[in-house]
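Residue numbers for the sequence shown, in the numbering used here: 247 to 746.
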Amino acid sequence: MNNRLSQEFGEVFARIPLKAAPHIVHGDALEIDWATVLPPHQCTYVLGNPPFIGFVMRGKGQQTQAEALMKRLGAAGSRLDYVAAWFLKAGEYVQSSNAHIAFVATNSITQGEQVALLWPALFQRWKLEIAFAHRTFAWGSDARGKAHVHVVIIGLTRREHEPEEKRLFDYDDVNGDPRESRHKSLSPYLFDASSLGDRHLVVERARKSLKGKPLICVGSKPVDGGHYIFDRDQRDAFLAIEPEAADILRPFIGGREHINGAQRWILYPDGISAQSLRQLPQVRQRIARVRQYRESEGGPLGLQLATTPTRYHVTVVPERPFLAMAEVSSERRTYVPIGWLEPPSIPSNKLLVVQDASLSLFGLMTSAMHMAWLTFIGGRMKSDFSYSPGLVYNTFPWPDLTDDDEGRLDVLAQAVLDSRAHHAGATLADLYDPNVMPADLRKAHRALDLAVDRLYRKSPFDSDRERVEHLFALYEKMTAGLLTTPAKTSRFARRRALQG
247 MNNRLSQEFG EVFARIPLKA APHIVHGDAL EIDWATVLPP HQCTYVLGNP PFIGFVMRGK
307 GQQTQAEALM KRLGAAGSRL DYVAAWFLKA GEYVQSSNAH IAFVATNSIT QGEQVALLWP
367 ALFQRWKLEI AFAHRTFAWG SDARGKAHVH VVIIGLTRRE HEPEEKRLFD YDDVNGDPRE
427 SRHKSLSPYL FDASSLGDRH LVVERARKSL KGKPLICVGS KPVDGGHYIF DRDQRDAFLA
487 IEPEAADILR PFIGGREHIN GAQRWILYPD GISAQSLRQL PQVRQRIARV RQYRESEGGP
547 LGLQLATTPT RYHVTVVPER PFLAMAEVSS ERRTYVPIGW LEPPSIPSNK LLVVQDASLS
607 LFGLMTSAMH MAWLTFIGGR MKSDFSYSPG LVYNTFPWPD LTDDDEGRLD VLAQAVLDSR
667 AHHAGATLAD LYDPNVMPAD LRKAHRALDL AVDRLYRKSP FDSDRERVEH LFALYEKMTA
727 GLLTTPAKTS RFARRRALQG
């Protein structure tokens, strides 16, 4: 190495072996008092790559450790990723220092419910600001079999030392090079916050739509141990023995069935008279097995449910056509596949349902504008879109529509549905594969996107980030009355007010 260095610079270097030894402390970074390693006033940078462990993957010891630390440092830690603890501990450490903080982190702390759990503590208690950030990109490894993970890099400083311009690096391709932009302030969702009255604003779950849209809910959850659910072969075999059960054996649609066209069926015995059940011994046998399963496997809730074995735990059985979308959808798709289903289909709890949806609502939900809100504000399941009713649908700044607006959206939304119908036999997975999406369907979506964009402003949007920045300013105005509470109102009361 000395020779290579000398050749590179044309001078003689003899710097290896190193004679000035570094000071290394071996221990648990969340247990050690960092001030005993290096006094804060002597520190210039706190940086690193903390462990990427989601809250559901933490071991019992890590769970206890992280929750206690996060609670002490001002965050609700039960659903925060492990990496959040390093941000909080660094915030505490630099209070008597001019040091800068920079961590590689899972991108989950900049989207979904974790933003509202972590960032108020960083902003309000520890008085930190985002100095620079890299939006989501793929963090690779040369190790064999090591999967790439999606990460962000976030740089923080104490508020009194924040730079006038904040640097943001955005990746059109998570495996490519970034584009840099500069901003007066950055939101914890890692987009421009300059137009906001409160640059620290976060989105919290809402129990119902803040704009009065129809209720969205998850589908039926049987808690049956699988005894009510059939694939095609099982259904055929069951009906061969007991054909009279055909009327109470209904299509059971979850996310996989809705998107990929798979088929399942479920028994729906609730409301069947005792006299009718007397003629269905195979159905009665299934009911008995469900009761036994709930008594033996379900704990206190199971024992309660066992008293009514013909009923599901959650029952959503629409009596008219309903709007449906998978709770989780591939990040590769430009649009989350949304469609209409009809009775006698029963949606599963892996499907989100709107029973009183209009064509115009379908059009808004399948637009680029709504997708931008989902992409930036919604959470992820691994890297896939995870559509949260409380975070995405209920908080979305829906536009105020005139009758003419409704009419135009109805026509454009129907055009999307008609384009799908032109491709008989194709599943939603086929139609929304970005590599082979039919040209007529893509054209119909673009016309719908343009119309929805114009409901928000006349000038076009250049990117989804620009869309969500515009939407976030509307969200701030929409929630202003909910967020304005008397000074003596408790934090719990403020949260309840926001959630409705």
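We put the beta carbon where it would ideally sit given N, CA and C, even for glycine. Source: prediction; values computed, not measured.
Work out the CA separation of residue j and residue i for me, nearest whole Å.
i: Pro567; j: Thr556; result: 24 Å
i: Asp649; j: Lys412; result: 43 Å
i: Ser575; j: Leu569; result: 16 Å
i: Leu607; j: Pro434; result: 29 Å
i: Asp444; j: Arg496; result: 50 Å
i: Gln525; j: His473; result: 19 Å
i: Ala659; j: Gly671; result: 21 Å
i: Arg737; j: Gly585; result: Summary for Arg737: the model assigns pLDDT 42, below 50, so the residue's position carries little reliability; its value from the coordinates is reported in the next sentence. For Arg737 and Gly585, the distance between alpha carbons rounds to 39 Å.
i: Leu284; j: Lys430; result: 32 Å
i: Glu573; j: Asp630; result: 10 Å
i: Ser613; j: Met571; result: 14 Å
i: Arg261; j: Ala345; result: 29 Å
i: Leu637; j: Tyr581; result: 18 Å
i: Val600; j: Trp280; result: 51 Å
i: His446; j: Asp686; result: 42 Å
i: Ile278; j: Pro286; result: 14 Å
i: His272; j: Trp385; result: 26 Å
i: Gln745; j: Lys467; result: At Gln745, the pLDDT of 38 sits below 50, so the modelled position is not reliable and the matter cannot be decided from this model.
i: Gly307; j: Val398; result: 26 Å
i: Pro460; j: Ala690; result: 25 Å
i: Pro297; j: Ser705; result: 43 Å
i: Glu450; j: Glu543; result: 34 Å
i: Arg478; j: Lys454; result: 37 Å
i: Met611; j: Tyr633; result: 11 Å
i: Tyr328; j: Arg578; result: 27 Å
Starting from residue i, trace the alpha helix (DSSP H) in both directions and tell me its first and last residue.
i: Lys704; result: From DSSP, Lys704 is part of no alpha helix (DSSP H); its letter is neither H nor E.
i: Ser252; result: 248-255
i: Leu607; result: 605-611
i: Ala204; result: Lying before the first or after the last residue shown, residue 204 is absent from the chain, which here runs from 247 to 746.
i: Ser665; result: 649-667
i: Thr352; result: Careful: Thr352 lies outside any alpha helix (DSSP H), inside the beta strand (DSSP E) at 346-352.
In its own chain, which residues sit with a C-beta less than 7 Å from the C-beta of residue i, not counting the 5 before and 5 after it?
i: Pro252; result: Checking the displayed sequence, the identity of residue 252 turns out to be Ser instead of Pro. Around Ser252: Val258, Phe259.
i: Pro268; result: none
i: Ala331; result: Leu276, Ala312, Leu315, Met316
i: Ala492; result: Leu485
i: Thr730; result: Reliability of the predicted coordinates at Thr730 is poor, the pLDDT of 42 falling under 50, and the value obtained from them is presented with this limitation in mind. Closer than 7 Å at the Cβ level, and outside the excluded window around Thr730, lies no residue.
i: Ser343; result: Pro286, His287, Cys289
i: Lys265; result: none
Which residues bound the beta strand (DSSP E) around residue i?
i: Asp279; result: Segment: none, Asp279 is in no beta strand (DSSP E) and carries neither H nor E.
i: Asp416; result: 412-416
i: Asp676; result: No beta strand (DSSP E) holds Asp676; the alpha helix (DSSP H) holding it covers 674-677.
i: Glu375; result: 374-385
i: Arg532; result: First-last for Arg532: 527-543, but that is the alpha helix (DSSP H), not the beta strand (DSSP E).
i: Pro497; result: 495-499
i: Asp568; result: Inspection of the sequence shows that residue 568 is occupied by Phe rather than by Asp. Phe568 -> beta strand (DSSP E) spans 568-572.
i: Thr403; result: 395-404
What do you get for residue i, buried or exposed, if any count of 16 or more other CB atoms within 10 angstroms of its CB means buried?
i: Asp274; result: exposed
i: Lys628; result: exposed
i: Phe484; result: buried
i: Arg540; result: buried
i: Gly653; result: exposed
i: Gly465; result: buried
i: Phe255; result: exposed
i: Ser709; result: exposed
i: Met247; result: exposed
Going by beta-carbon coordinates alone, are residue i and residue j separated by less than 8 Å?
i: Gly401; j: Ala367; result: no
i: Phe383; j: Val420; result: yes
i: Glu408; j: Ala377; result: yes
i: Pro593; j: Ile499; result: yes
i: Leu236; j: Arg532; result: An answer regarding residue 236 cannot be provided, because it is not within the stretch 247 to 746 covered by the chain.
i: Leu374; j: Thr403; result: yes
i: Leu442; j: Leu414; result: no
i: Ala693; j: Ala661; result: yes
i: Asp416; j: Arg381; result: yes
i: Pro635; j: Leu717; result: no
i: His669; j: Pro684; result: yes
Enumerate in chain order the residues of its own chain whose CB-to-CB distance from residue i is below 8 Å, with the five nearest sequence positions on each side excluded.
i: Leu326; result: Phe301, Ala312, Met316, Ile355, Gln360, Leu363, Leu364
i: Leu334; result: Leu315, Met316, Leu319, Gly320, Ala321, Leu364, Ala367, Leu368, Trp372
i: Gln357; result: Tyr435, Phe622, Ile623, Gly624, Gly625, Arg626
i: Leu647; result: Ser606, Leu655, Leu701
i: Tyr339; result: Trp280, Ala281, Pro286, Cys289, Val292, Ala345
i: Leu551; result: Val469, Arg540, Gly544, Arg557, His559
i: Ser604; result: Glu652, Asp656
i: Leu820; result: The requested residue 820 is not part of the displayed model; the chain covers only 247 to 746.
Which same chain residues end up closer than 6 Å to residue i when comparing Cβ atoms and leaving out the 5 residues on each side of it in sequence?
i: Ile505; result: Ala572, Pro583, Leu674, Ala675
i: Val240; result: Since the first residue of the chain shown is 247 and the last is 746, residue 240 is not available in this structure.
i: Tyr639; result: Ile462
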